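Engineer: Residues 5 to 299 (the numbering used here) are what the sequence shown spells out, left to right.
Idealized CB from N, CA, C, for every residue including glycine.
Here the structure is a predicted model, which is why all the values come from computation and not from measurement.
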Amino acid sequence: MNVSRIALVTGANQGLGRALAEGLAARMEPDDLVLLTGRNPQRVADAARETAQADATRARVEGRVLDVTDSGAVARLAEELRTRHGGVDIVVSNAVARLLPGESQSERADEFIDVSNTATHTILRAFGPILRPGGRLIVVASSLGTLGHLPARLHPLFDGASLDQVEYAVESWRTAVHRGTAVEEGWPLWLNVPSKVAQVAAVRAVAAERRERDLAAGTLVAAVCPGMVDTPTSRPWFDDYSQAQSPEQAAAAVLDLILAEHVDPALYGELVRFGHALDWHAGTPPTAQNDLLVP
């Protein structure tokens with residue numbers, strides 16, 4: 005069996021995902037492999053080639069076309085890694101659908117939920133079982149992912165929920181959006197808020213089942229908030245970028261978490277920002293669009 009480490013980053017052909025793939029390639033060992041994935045074949049090929057040729061690159065880099073909304077494709081890649089390498093060591097779920105402020109939330113709901121939530125569930129289910137001891141399973145989320153950003157009436161849907169229950173809640177929310185009853189049922193108008201809460205809840209659900217054996221093996225399952233990042237996806241939502249990080253700057257703290265020698269039990273299963281766990285129950289339901297612009 006090949007014992008070198010295997011890292012996989014989704015949504016990695018640009019922005020934070022690419023910075024994470026580049027950072028892993030620079031900080032892992034020459035026999036390790038970084039799989040840089042995305043949906044667009046040309047962008048994936050270009051990003052993988054440029055990363056592999058960068059002066060700082062140490063690990064091998066391979067581009068893979070992967071549509072995270074294609075559950076079959078995700079399952080096939082997981083099975084390939086299990087068969088060829090005995091599993092995977094680092095998985096970073098980073099893919100996100102770009103949403104502009106002027107776009108209809110209901111018209112974009114399916115794509116947004118499919119990429120941010122359904123795909124997160126698929127990745128957790130596909131790669132969790134093949135994560136090797138000492139591995140890292142990380143979902144890139146946001147500080148909007150704490151439960152308090154939802155009205156209290158919705159908290160029971162996610163607090164202490166299993167992954168199946170989180171998935172059911174997400175589909176109930178999707179149905180409410182299409183039915184035009186989402187606001188009446190208490191869901192925030194802006195898709196990003198329920199989506200991020202559901203992402204973190206999904207991570208917490210998986211972590212709750214694995215915690216004891218993962219900590220014994222030095223394995224980490226967590227969500228991360230990278231902070232405000234200057235990318236094409238986030239730029240339309242902000243007027244002031246004076247405090248924004250470049251993708252490379254934002255990737256640094258995430259990479260430190262991923263590549264830390266030891267796992268801090270206080271971070272296991274939590275939403276981590278700059279090395280500290282955020283309070284799951286913190287936050288205030290948004291009352292205006294500007295309330296959503298928090299990294």
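Within 7 angstroms: the Cβ of L39 and any heavy atom of the ligand SAH?
Structural biologist: With respect to small molecules bound, the structure shown includes none, and the ligand SAH cannot be examined in it.
Engineer: Which residue wins for smallest C-alpha separation from R178, given the options V92, S110 and I262?
Structural biologist: Numbered from its first residue, the sequence shown carries residue 178 at position 174. When each option's Cα is compared against that of R178, the closest is S110.
Engineer: So what does DSSP say about E66, is it helix, strand or coil?
Structural biologist: If you number the sequence shown from 1, residue 66 lands on position 62. Of the three classes helix, strand and coil, the one that applies to E66 here is strand, per DSSP.
Engineer: So, helix, strand or coil for R140, using DSSP?
Structural biologist: By one-based count along the sequence shown, residue 140 stands at place 136. Of the three classes helix, strand and coil, the one that applies to R140 here is strand, per DSSP.
Engineer: From this set, T122, R31 and L259, which residue's C-alpha is nearest K200's C-alpha?
Structural biologist: Taking the sequence shown and counting its residues from 1, one reaches residue 200 at position 196. Closest by alpha carbon: T122.
Engineer: Can you check DSSP and say which residues form a bridge with G42?
Structural biologist: By one-based count along the sequence shown, residue 42 stands at place 38. Its beta-bridge partners are V69.
Engineer: Classify R183 as buried or exposed, calling it buried when 16 or more other Cβ atoms lie within 10 Å of its own Cβ.
Structural biologist: Indexing the sequence shown from 1 puts residue 183 at position 179. Exposed: under 16 other Cβ atoms inside 10 Å.
Engineer: Quick one, which of A101, Q57 and W191 has its alpha-carbon nearest A145's?
Structural biologist: What you label residue 145 is simply residue 141 of the sequence shown in a count that begins at 1. Looking at the Cα atoms, A101 is the closest of the given residues.
Engineer: On the three-state DSSP scale, how would you describe R277?
Structural biologist: The residue labelled residue 277 in the question sits at position 273 within the sequence shown. The answer is strand: DSSP assigns R277 an E or B state.
Engineer: With respect to the alpha helix (DSSP H) encompassing A257, which residues constitute its N-terminal and C-terminal limits?
Structural biologist: Residue 257 sits at position 253 when you count from the first residue of the sequence shown. P251 to L263 is the span of the alpha helix (DSSP H), which, as asked, contains A257.
Engineer: Contact between the stretch 17-35 and the stretch 55-66 is defined here as three or more beta-carbon pairs at a separation below 8 angstroms; is this criterion met?
Structural biologist: At 8 angstroms Cβ cutoff, the stretches touch.
Engineer: Using a Cβ-Cβ distance under 8 angstroms, would D268 count as near chain D?
Structural biologist: Among the chains in the structure shown there is no chain D, since it carries only a single protein chain.
Engineer: Where does A186 sit, in a helix, a strand or coil, going by DSSP?
Structural biologist: The residue labelled residue 186 in the question sits at position 182 within the sequence shown. Three-state result, A186: coil.
Engineer: Please report how far the alpha carbon of R80 lies from the alpha carbon of V187, in whole angstroms.
Structural biologist: Taking the sequence shown and counting its residues from 1, one reaches residue 80 at position 76. Taking the sequence shown and counting its residues from 1, one reaches residue 187 at position 183. If you take the alpha carbons of R80 and V187, they lie about 38 angstroms apart.
Engineer: Indicate whether V13 and V96 have their beta-carbon atoms separated by less than 8 angstroms.
Structural biologist: Against the sequence shown, residue 13 aligns to sequence position 9. Against the sequence shown, residue 96 aligns to sequence position 92. Going by C-beta atoms, V13 is nearer than 8 angstroms to V96.
Engineer: Got a sec? Which residues, its chain only, sit under 7 angstroms from L263 by beta carbon, not counting five neighbours each side?
Structural biologist: Reading the sequence shown from its first residue, position 259 is the one you call residue 263. Answer for L263: R31, listed in chain order.
Engineer: By DSSP, does A173 sit in helix, in strand, or in coil?
Structural biologist: One-based indexing of the sequence shown puts residue 173 at position 169. Helix, per DSSP.
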